[in-house]
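Number of protein chains: 2
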Amino acid sequence: MNGAHALLATLEANDVNVCFANPGTSEMHFVAALDDAPAMRGILCLFEGVATGAADGYARVKDSPAATLLHLGPGLANGWANLHNARRARVPLLNIVGDHATYHAHLDAPLQSNVQLLADALEGWYCRTTSSDDLAGDAARAIEAAYGPPGRVATLVLPADVSWSDVGSVPSSWPRTERPSPRAIDDATFERALAALRSKRCTIFLGGNALSKEQTGLAQRVASATSSRLMMETFATKMDRGAGVASPERLIYVSEFAVDQLKETEVLVLVGSTEPVGFFAYPNVPSRLAPENCEIIHVAPPGSDTLGALEALVEALRAPTVALEHGEPTVPPSGELTTQSFSAAVGATLKEGVIVADESNTSGIHLFGATRFAPEHQWMTLTGGAIGYGLPVALGAAVASKGRVLALESDGSMMYTLQALWTMAREGLDVTVVGLSNRSYAVLNMELTRVGAVTDGGASARMLELDDPTLDLSRLAQAQGVPSVRVTSADELVVALERTYATPGPMFIEAVLPKGLH
Amino acid sequence: MNGAHALLATLEANDVNVCFANPGTSEMHFVAALDDAPAMRGILCLFEGVATGAADGYARVKDSPAATLLHLGPGLANGWANLHNARRARVPLLNIVGDHATYHAHLDAPLQSNVQLLADALEGWYCRTTSSDDLAGDAARAIEAAYGPPGRVATLVLPADVSWSDVGSVPSSWPRTERPSPRAIDDATFERALAALRSKRCTIFLGGNALSKEQTGLAQRVASATSSRLMMETFATKMDRGAGVASPERLIYVSEFAVDQLKETEVLVLVGSTEPVGFFAYPNVPSRLAPENCEIIHVAPPGSDTLGALEALVEALRAPTVALEHGEPTVPPSGELTTQSFSAAVGATLKEGVIVADESNTSGIHLFGATRFAPEHQWMTLTGGAIGYGLPVALGAAVASKGRVLALESDGSMMYTLQALWTMAREGLDVTVVGLSNRSYAVLNMELTRVGAVTDGGASARMLELDDPTLDLSRLAQAQGVPSVRVTSADELVVALERTYATPGPMFIEAVLPKGLH
Chain A
1 MNGAHALLAT LEANDVNVCF ANPGTSEMHF VAALDDAPAM RGILCLFEGV ATGAADGYAR
61 VKDSPAATLL HLGPGLANGW ANLHNARRAR VPLLNIVGDH ATYHAHLDAP LQSNVQLLAD
121 ALEGWYCRTT SSDDLAGDAA RAIEAAYGPP GRVATLVLPA DVSWSDVGSV PSSWPRTERP
181 SPRAIDDATF ERALAALRSK RCTIFLGGNA LSKEQTGLAQ RVASATSSRL MMETFATKMD
241 RGAGVASPER LIYVSEFAVD QLKETEVLVL VGSTEPVGFF AYPNVPSRLA PENCEIIHVA
301 PPGSDTLGAL EALVEALRAP TVALEHGEPT VPPSGELTTQ SFSAAVGATL KEGVIVADES
361 NTSGIHLFGA TRFAPEHQWM TLTGGAIGYG LPVALGAAVA SKGRVLALES DGSMMYTLQA
421 LWTMAREGLD VTVVGLSNRS YAVLNMELTR VGAVTDGGAS ARMLELDDPT LDLSRLAQAQ
481 GVPSVRVTSA DELVVALERT YATPGPMFIE AVLPKGLH
Chain B
519 MNGAHALLAT LEANDVNVCF ANPGTSEMHF VAALDDAPAM RGILCLFEGV ATGAADGYAR
579 VKDSPAATLL HLGPGLANGW ANLHNARRAR VPLLNIVGDH ATYHAHLDAP LQSNVQLLAD
639 ALEGWYCRTT SSDDLAGDAA RAIEAAYGPP GRVATLVLPA DVSWSDVGSV PSSWPRTERP
699 SPRAIDDATF ERALAALRSK RCTIFLGGNA LSKEQTGLAQ RVASATSSRL MMETFATKMD
759 RGAGVASPER LIYVSEFAVD QLKETEVLVL VGSTEPVGFF AYPNVPSRLA PENCEIIHVA
819 PPGSDTLGAL EALVEALRAP TVALEHGEPT VPPSGELTTQ SFSAAVGATL KEGVIVADES
879 NTSGIHLFGA TRFAPEHQWM TLTGGAIGYG LPVALGAAVA SKGRVLALES DGSMMYTLQA
939 LWTMAREGLD VTVVGLSNRS YAVLNMELTR VGAVTDGGAS ARMLELDDPT LDLSRLAQAQ
999 GVPSVRVTSA DELVVALERT YATPGPMFIE AVLPKGLH
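Chains as they are written, first to last, in my numbering: chain A, 1 to 518; chain B, 519 to 1036.
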């Protein structure tokens, strides 16, 4: 039994049984050991950003870690952007990064680099194992670190010789790490929040793990009993939504509007989230979005018992149940395909239990409204701002889930990690991708104005337009084995969506919108 | 005049006039300022790894830096793997990484990360500018750092407010950095090398900048006059090759064979290169490839005056000129498409002045032989081992060159940075890509055996095979606007290559090889 076998046995003992892999030479013993680890599902990805984003999506759905398998510094770097998103999503994730043999590293071979710096920049957990006998213990510690709470990216560096060397003494059982409970709520802070809710103009601000149906329902009762406002962060890791689910008001991405949303708030009560700040700085717009004299109470920080906090608030306030909000389901749209009719088509066709991975950016501006009273579903967003999260996260979510995943993806964003489509086809996953073609970095056209940049020429426009040449999105999917269709009207989009919900396996729908921002 | 204008003016003053860009919100003022900087050519890339690889390719051809424009930590991370290759190629390269406004960073907004750690892992040069008035000076220092010698990756972090704030006092001229001369050769080391060449069994080992026609010619004279062996590193940044050019023996990638090549060497005289070491470690194979008691003389380290060293050796030895080696040009192949006939097709059709970017991996094993007596051309290889260098480097080389670039690219490798194809189409570049479809990570099948990993099952095989589903390479290119053709015989490949040399603009040729390693 070599190190790779011990590592896989420890992963299996801790129920880490999916590995999104893009291996190289240093990982060959791990790959070979997969043949002796039938409980581990190895899933090949053609680019590391796909593997890491998939592990993020898997963790969002399962709330437990998948492993990645990456190849030295460049492999970790290629996966870094989606690890950054996973870090911001606060999900548990285990990176296994193969590296040069311990005795080879000092020779500065071509692939040698400082892997630790890359891992440290993820502000998670890092360990480089130097002996096969340490590997099982280090792997268990890595899984423990990944759990947090809150969830973190744990990176275990696996030198090739650690992987291939025999384990000195095989233990009778592999180390198992217990999943830790969420951290307890601080009593004094709780009392402060309670007093504020009873007496001040409060906004209850939900984020992170606090966006389950149960918790938004409890928060709604607290808000209703105290005449507080109920809001949520702009970019949720995962939230329950739809008919029968409370719907907190979403903080608007545009800082000016967010400031306006919060301007009456005397006390901001944070549950599962951190203080809301501007996604970017803009000239003459505050970076902190709450009013200057607003008190901020971190009643249930990320990783703490948000559910317990909300239950305790409901109990202390004797907050009565709140009648479910009713609304009309969205009517299937007809005619021209616009951002509005696109959203209506999604809302009108959405099925119960669907998990949505939303990276539609400017094209998706009407989605939340159009899906408000759709059957109960889950919604995931771009937590860390690193573009290219949507397809990989949808892939990982589909591996973790029994239901269908709907990825809403812009053309510009899709191009960062389009290799995810191949793995969707290979694994026969129930993912529907709507690829929105607006031939533009439309969000940047908006941002250009917002930051006050003055442009008058073709050179700048050429950095923002994608129509020369136009990307053939459906062909990109077909070329990777995903059945594809192109739709140019709302009616066609409705038909295509209905068909995909009735058809197993992946499907790509290219939705051709008017060019640019609409 | 704001910081962005000052930065662009300084770049222009230092002849940095190409910028491979993948911008975001923080870079909008830089993008807007392009409208006032007509000498700067902004080239949009759909993924950061394309931008950084293109800057590498540009520098390999021009020997002067291009700029990249990247978006915060995730943008730098996405570009990191090809920056690692550029670092190993020792080319000058200037990263401009937009970041949050100076006063926004402490708020830990979603895109906040430690950019410096990522930059430090490139072991080049790093500076974060904090005032618009410092920007021109910092940019000039960055360019100076990039020049080295040897060339380095210089990363200049540009906070958004530094970009948008007015410059206090506009200088009458922008700072200009002089290109430094290569470092002088150490006299004592030179004498030691000379003595060894006169008396010992020497191997002259060329690499880095020492692979120009002039220098390999001089080295050949030294080798001939001293009965030394003339060799070169496995992975050259750029070398002159073909009829009329000296052809050093290439160090074989497989360590066992490389050890055998070097086993008679008493003294290794390094010119432009570092000591040869194994690309990876393998059980029971030495990591250092030269014999244990071999003396190693670093007569002209990377960044030093390799040309001067070779000229001085020729003079000291009064080494006579050497008759040009003659050989038959390769005959156009016919019949089945194999790794052999593929290489013959490339060799038989190659035109004078073509720049080859080779990432054909196992499929390219016969290329060096088949092109030995082709018309004079240049050859670039994967210097840092980070897969996905080929298409971006070809793109950048085509921007820098007036002639045609031929990218020889494997299916597995191509998938890391396939977005380069779109920019080739957009810019109308004279690049021919031969996409080699063997539906396999064939090199890993070879490596699996070499590292002694024993496999017997489908789980490991599934990590190495790309045929479920088969990637449609030509369709991937067409979807991005590059005209494509698929060839399945050697005859068809010859015809397609001849046609592309006669046709302006990009062309993609999918060459379907037998599956796996052949």
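Using N, Cα and C, we set each Cβ at its ideal position, and we do this for glycine too.
All values reported here derive from a predicted model rather than from experimental measurement.
Taken in chain order, the complete beta strand (DSSP E) segments of 3 or more residues contained in the region 653-740 of chain B are 671-677, 720-724.
Per the C-alpha coordinates, the member of Thr306/A, Val170/A, Asp120/A, Gly278/A positioned closest to Tyr621/B is Gly278/A.
Following the DSSP letters along the chain, one finds His816/B inside the beta strand (DSSP E) bounded by residues 813-818. By the CB criterion at 8 Å, Leu337/A and Ala490/A fall inside the cutoff.
Taking C-beta atoms as the reference points, Arg716/B and Thr755/B fail to come closer than 8 Å.
The DSSP-derived three-state label of Ala21/A is strand. Secondary structure at Ala502/A: coil, using DSSP grouped into helix, strand and coil. Closest in C-alpha terms to Thr880/B, from the list Pro893/B, Glu894/B, Ser861/B, Val874/B, comes Ser861/B. Excluding the 5 residues flanking it on each side, Cys202/A has same chain C-beta neighbours closer than 6 Å at Ala196, Ser228, Val267, Val269, in chain order.
The beta-carbon of Gln478/A is placed less than 8 Å from the nearest beta-carbon of chain B.
For Val31/A, the enclosing alpha helix (DSSP H) has its first and last residue at 28-33. Nearest to Ala706/B by alpha-carbon distance, out of Ile815/B, Leu562/B, Pro592/B, Leu936/B, is Ile815/B. Take Pro583/B, set aside five residues on each side of it, and the residues of its chain with a beta-carbon closer than 7 Å to its own are Val534, Ala577, Pro610, Leu611, Leu612, Ile661, Ala664, in chain order. Of all residues in the region 888-922 of chain B, only Thr901, Gly902, Gly903, Ala904 place a beta-carbon less than 7 Å from a beta-carbon of chain A. In the structure shown, Phe797/B adopts coil according to DSSP, grouped into three states.
Legend: CB atoms of the region 596-616 of chain B lying less than 9 Å from CB atoms of chain A belong to residues Asn596, Gly597, Trp598, Ala599, Asn600, Leu601, His602, Asn603, Arg605, Arg606. Between Asn85/A and Ala386/A, the C-beta gap is smaller than 8 Å, which places the two residues in contact.
In the same chain as Gly999/B, and ignoring 5 residues on each side of it, the C-beta atoms closer than 8 Å to its own belong to Leu939, Trp940, Ala943, Arg944, in chain order. Two segments are said to touch when three or more pairs of C-beta atoms, one from each, lie closer than 8 Å; by this definition the region 774-783 of chain B touches the region 801-817 of chain B. Sixteen is the threshold: when 16 or more other Cβ atoms of the shown chains lie within 10 Å of the Cβ of Arg922/B, as they do, the residue is buried. Leu251/A is positioned such that its CB atom lies closer than 8 Å to that of Pro276/A. Taking a C-beta distance under 8 Å as the contact criterion, Leu230/A and Glu249/A qualify as a contact pair.
Contact between Gly42/A and Ala55/A does not hold, since the beta-carbon distance rounds to 13 Å and is not under 8 Å. Judged by DSSP secondary structure, Arg606/B falls within the alpha helix (DSSP H) whose first and last residues are 590-607. Under the 8 Å Cβ criterion, the region 953-968 of chain B counts as touching the region 925-938 of chain B, having at least three qualifying pairs.
Collapsing the DSSP output to three states places Met414/A in a helix. A Cβ-Cβ contact shorter than 8 Å links Gly53/A with Gly396/A. Between the C-alpha atoms of Gly457/A and Val549/B there is a straight-line separation of about 10 Å. For the pair Ser172/A and Met28/A, the Cα-to-Cα distance works out to about 26 Å. Neighbourhood of Trp422/A in chain B, by CB distance below 8 Å: Met933, Pro987, Leu989, in chain order. Around the beta carbon of Thr1021/B, fewer than 16 other beta carbons lie within 10 angstroms, which makes this residue exposed.
The beta carbons of Arg88/A and Thr383/A sit closer together than 8 Å. When secondary structure is reduced to three states using DSSP, His377/A falls in the strand class.
Under the DSSP assignment, Asn95/A falls in the beta strand (DSSP E) whose first and last residues are 93-99. Secondary structure at Ala386/A: coil, using DSSP grouped into helix, strand and coil.
Residue burial is scored here from C-beta neighbours: Leu206/A has at least 16 other C-beta atoms within 10 angstroms and is therefore classed as buried.
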